[in-house]
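S.K.:
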Amino acid sequence: MAKYDLDAIEADYRADLLSNRAISTKHGCSEASIRKWALKFGWQKDLSGKVKQATKAKLTKTVAETSPKAKEREPNTPLSDEEIVEEASNVAVDVITKHRTRAAEYQDIVGMYSKELRKQLTSGKLTVQAPNGDPIEIDIPLEYVGKCLNSATQSFERLVKLERQAYNLDDQQDSSYEDDLEALSEGL
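Dropping the structure here:
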């Protein structure tokens, strides 16, 4: 009796939704075994495009079917293509509008933060709490200023990218959802 379900492993491999590491964790085998089986049996990651198309179609239809307009319809009345496109594009517009709102809020925060940093830079000192609890002034480490701004902008950029990927607003994906999620959590 086979120790591993090779059919299930092959299906996950060919669908290309999970990394080899994730497949190995799911099925309890090593990544090396997956690579070996793929080579031995000629497995190809040939279904990823079809999976992505089907996923996008289902998401679009789900968005359209759960919209307030769709809920007012007679039961079991199919949506037209125009209605599906309209509802899905409305959701995409909502996402983009939220991004713009967050960007404006973030710009305000960065502006306030920038003013505070400017005050500190002008004075050349930064007030911090000493181990005994007393406030003390130290020279401003410029590296600290740069790291704070860099970290904040990177986190926002990653969040927007994740949301845009979640709604399929971008055609190209340079990195995986899991990589972006991990990068975002590291930036916080």
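In numbering that gives the first Met the number 0, the protein residues as written are 0 to 187. From the three backbone atoms N, C-alpha and C, an ideal C-beta is built for every residue, glycine too.
Excluding sequence positions up to five away, which residues of its chain have a Cβ less than 8 Å from the Cβ of Tyr3?
M.R.: His26, Gly27, Cys28, Ser32
S.K.: With a Cβ-Cβ cutoff of 8 Å, do Lys22 and Asp6 count as a contact?
M.R.: The displayed chain sequence assigns Ile, not Lys, to residue 22. Against a cut-off of 8 Å, the Cβ pair of Asp6 and Ile22 comes out as no contact.
S.K.: Can you check which of these residues, Gln128, Arg13, Pro74, is closest to Val50 by C-alpha distance?
M.R.: When only C-alpha atoms are compared, the closest one is Arg13.
S.K.: Does the beta carbon of Ile135 come closer than 8 Å to any beta carbon on chain C?
M.R.: Going by chain labels, chain C is absent from the structure shown, which holds only one protein chain.
S.K.: When the Cβ atoms of the segment 123 to 136 are set against those of the segment 79 to 93, are three or more pairs found closer than 8 Å?
M.R.: When C-beta atoms of the segment 123 to 136 are compared with those of the segment 79 to 93, fewer than three pairs fall below 8 Å, so the two segments do not count as touching.
S.K.: What separation, rounded to the nearest whole angstrom, lies between the Cα atoms of Met0 and Gly48?
M.R.: Note on Met0: pLDDT 39, under 50, position unreliable in the model; the coordinate value appears next. Going from the Cα of Met0 to the Cα of Gly48 covers about 34 Å.
S.K.: For Lys124, name the three-state secondary structure that DSSP assigns.
M.R.: Lys124 sits in a strand when the DSSP states are folded into three classes.
S.K.: Under 6 Å Cβ to Cβ from His98, same chain only, skipping five residues before and after it: list those, please.
M.R.: Val159
S.K.: So, helix, strand or coil for Ile33, using DSSP?
M.R.: helix
S.K.: For a quick check, are the C-beta atoms of Gly123 and Ile108 less than 8 Å apart?
M.R.: no
S.K.: Taking Val94 and Leu168 to be in contact with their CB atoms under 8 Å, please state how far apart those CB atoms are, rounded to whole angstroms.
M.R.: 7 Å
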